[in-house]
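Asks: For the sequence shown, the positions run 136 to 582 when this note's numbering is used.
Each residue gets a CB set at the ideal place from its N, CA and C atoms; glycine is no exception.
Note that the coordinates shown come from a computational prediction; the quantities given were computed from them, not determined experimentally.
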Amino acid sequence: MSLQVHLRFPTDFRSVLQALVLLSASTAIVLLYQWQSHVHRKKSNAETVVAVDPVELNSIPGPLEFRESHVFKKGPTTEHWNLLALHRQYGPVVRIGPTHVSVADFDSVNAIYRQATTFLKTDWYDLFTEKGKGVIFNIRNKELHAKRRRIVSHGFSLSSTRVMLPFIRTKALHMVAQLAESSEAQDAVDDENREDDPSELLSRIIIAKDPATGHAMDFQTLCMEARGFILAASDTTANTLTMAVNHISRSQSVWTQLHRELKEAIPSMEALQDSLQDASSYYTQLPFLVACIKETYRLSPAIAKLLPRQVPNRGCSLAGHHVPAGTIVGTSIFVQHRWDEDLWGPSDYADEFHPERWLESSQSSEAEVAKLKKMNSFLTPFSQGTRACLGRHIADMELHVVLATLFRFYQPVHVVTPVEEMKEQGFFISGPRGGKCLIQFKSVELQ
């Protein structure tokens, strides 16, 4: 029997997966946006203090107004869109402020953010400190950051996060059960293995010690890191899930191809418990789902804002331009995933959802294979190097499991929310402008 459902994907603080079962946005997320607005105000005030106009930067392309002003002032929640327009007009390196430069080309981005980079985070990240203490996201000192990362990274390793799979699958099954209100779906939920508890992940972080010193984090630091993980994980992953569902639901051909692949891997609701038991199977058996998620990462990265770094003492060369020491440089992941026409195609194609761009076939030429390899290396929704997001494996697993479960058993009929309301914006964390995505679904083959 066909079932009509309306899904609402709010920006919900409490849980990424709960966001998929129609929970309204919590008070905490309102507080989070107030906090982001506070950070924005502090940042604006801090940047207007800078009046230096190094002569060396005058040769870098960009609007003359940005020798005295900053692109951020053009629209703090749409900075990434403004940066994209500037790069499409001026090229891979653009001056965006008195002492600020934005880059978008492959080599420059890798030079700034690579593993052994000498470009350090700027004092902008100090805005996120509390009581003089930073968390792993904003610690600027390389040695202190490396020490903190050694302590907490074990809990976020790929092998550690894979134990979360049964828990994530259970939440995805609950989603289907609540939508369908069917006894068959509920039975599948009840039978799912629930031995793995997400608290195990937190336990690993609490008891983790620096292997070099044997010391654990003090209580205040632990609380700050835990809160940072919650803020970082809930909103970013929820927004990415929302955008993925939106992109897939707007294309009947994409859903049809995806559903065909999912139906083969998951023949029925009863088979769901025995299908795709290993986390790696989602990547090996579902190439089109992987392509859809990669394309969502490309088009709608959760962090679209430029991530600033400071040019080291000797200065540097970026895309043929000399950039003096002390200059603030960086890239917006949103821009780097769209600007290069050699990788992403003309702007109209680069700005559209085309998951097939990530698929390699037996007929692919040597040049096409090389291009795909470069595309994958330039796809960095979780940043890269030692500053890459620790929770990327959990977030990626959530996306694969939830999207596979949803689109195997539900077909989008109509996306109610206008395209314009789904346009990415945000002070730091990027999400749909309207804050929600309303979609009408119908069930398919639930028995």
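Less than 8 Å separating the beta-carbons of Thr552 and Leu573?
Replies: In contact: Thr552 and Leu573 (Cβ atoms closer than 8 Å).
Asks: Nearest to Arg473 by CA position, among Gly226, Pro196, Tyr545, is which residue?
Replies: Nearest C-alpha to Arg473: Gly226.
Asks: Once DSSP output is grouped into helix, strand and coil, what is the label at Glu495?
Replies: Note: Glu495 maps to coil in three-state DSSP.
Asks: Quick one: grab the DSSP three-state call for Leu255.
Replies: Three-state DSSP puts Leu255 in a strand.
Asks: Residue range of the beta strand (DSSP E) that Tyr260 falls in?
Replies: Here Tyr260 belongs to no beta strand (DSSP E), and DSSP marks it neither H nor E.
Asks: Does Phe563 come out as helix, strand or coil in the three-state DSSP assignment?
Replies: Looking at Phe563 - three-state DSSP - the assignment turns out to be coil, as it is neither helix nor strand.
Asks: Between the stretch 488 to 508 and the stretch 456 to 475, do three or more beta carbon pairs fall short of 8 Å?
Replies: Too few Cβ pairs lie closer than 8 Å, so no.
Asks: Below 8 Å on the Cβ atoms is my guess for Gln392 versus Phe423; work out the distance and round it to an integer in Å.
Replies: Rounded, the Cβ-Cβ distance is 6 Å, consistent with contact.
Asks: Can you give me the start and stop residues for the alpha helix (DSSP H) that Arg297 sits inside?
Replies: Here Arg297 belongs to no alpha helix (DSSP H), and DSSP marks it neither H nor E.
Asks: With a CB to CB cut of under 6 Å and the five nearest residues on each side skipped, what residues in its chain are close to Leu442?
Replies: The answer, listed in chain order, is Gly465.
Asks: Classify Ser403 as helix, strand or coil using the three-state DSSP reduction.
Replies: Ser403 falls in the coil class under three-state DSSP.
Asks: Based on the DSSP output, what are the partners of Tyr545 in its beta bridges?
Replies: Beta-bridge pairing links Tyr545 to Ser578.
Asks: Measuring CB atoms only, is the stretch 535 to 549 touching the stretch 287 to 307, in the sense that at least three cross pairs come out at less than 8 Å?
Replies: These segments touch.
Asks: With burial defined as no fewer than 16 other Cβ atoms inside 10 Å of the residue's Cβ, what is the status of Tyr484: buried or exposed?
Replies: Exposed.
Asks: Would you call Ala251 buried or exposed, if buried means 16 or more other Cβ atoms sit within 10 Å of its Cβ?
Replies: Exposed: under 16 other Cβ atoms inside 10 Å.
Asks: If distances are taken between C-alpha atoms only, which option among Val287, Gly566, Trp479 comes closest to Lys440?
Replies: It is Gly566.
Asks: Using 8 Å as the Cβ pair cut-off and three pairs as the minimum, do the stretch 227 to 236 and the stretch 191 to 208 touch?
Replies: The stretch 227 to 236, when compared against the stretch 191 to 208, does touch it at the 8 Å Cβ threshold.
Asks: Can you tell me where the alpha helix (DSSP H) holding Ile247 begins and where it ends?
Replies: That run of the alpha helix (DSSP H) goes 241 to 248.
Asks: Just mark Ala323 as buried or exposed, buried being the case when its beta carbon has 16 or more other beta carbons within 10 Å.
Replies: Note on Ala323: pLDDT 35, under 50, position unreliable in the model; the coordinate value appears next. So Ala323 ends up on the buried side.
Asks: Per DSSP, which residues does Gly465 bridge with? Please list them.
Replies: Gly465 pairs with Ser237, Pro443.
Asks: Exposed or buried, which one is Asn448 when buried takes at least 16 other CB atoms within 10 Å?
Replies: That one is exposed.
Asks: Could you check where the beta strand (DSSP E) with Ile231 kicks off and where it finishes?
Replies: Counting along the chain, the beta strand (DSSP E) containing Ile231 begins and ends at 228 to 232.
Asks: Suppose the cutoff is 7 Å on Cβ atoms and the five residues either side in sequence are ignored; what does the same chain contact list for Gln445 look like?
Replies: Counting only Cβ-Cβ distances below 7 Å, and skipping sequence neighbours, we find Phe254, Leu255, Thr257, Gly461, Ile463.
Asks: In angstroms with no decimal places, state the Cα-to-Cα distance between Ser482 and Gly561.
Replies: Taking the straight line from one Cα to the other gives about 22 Å.
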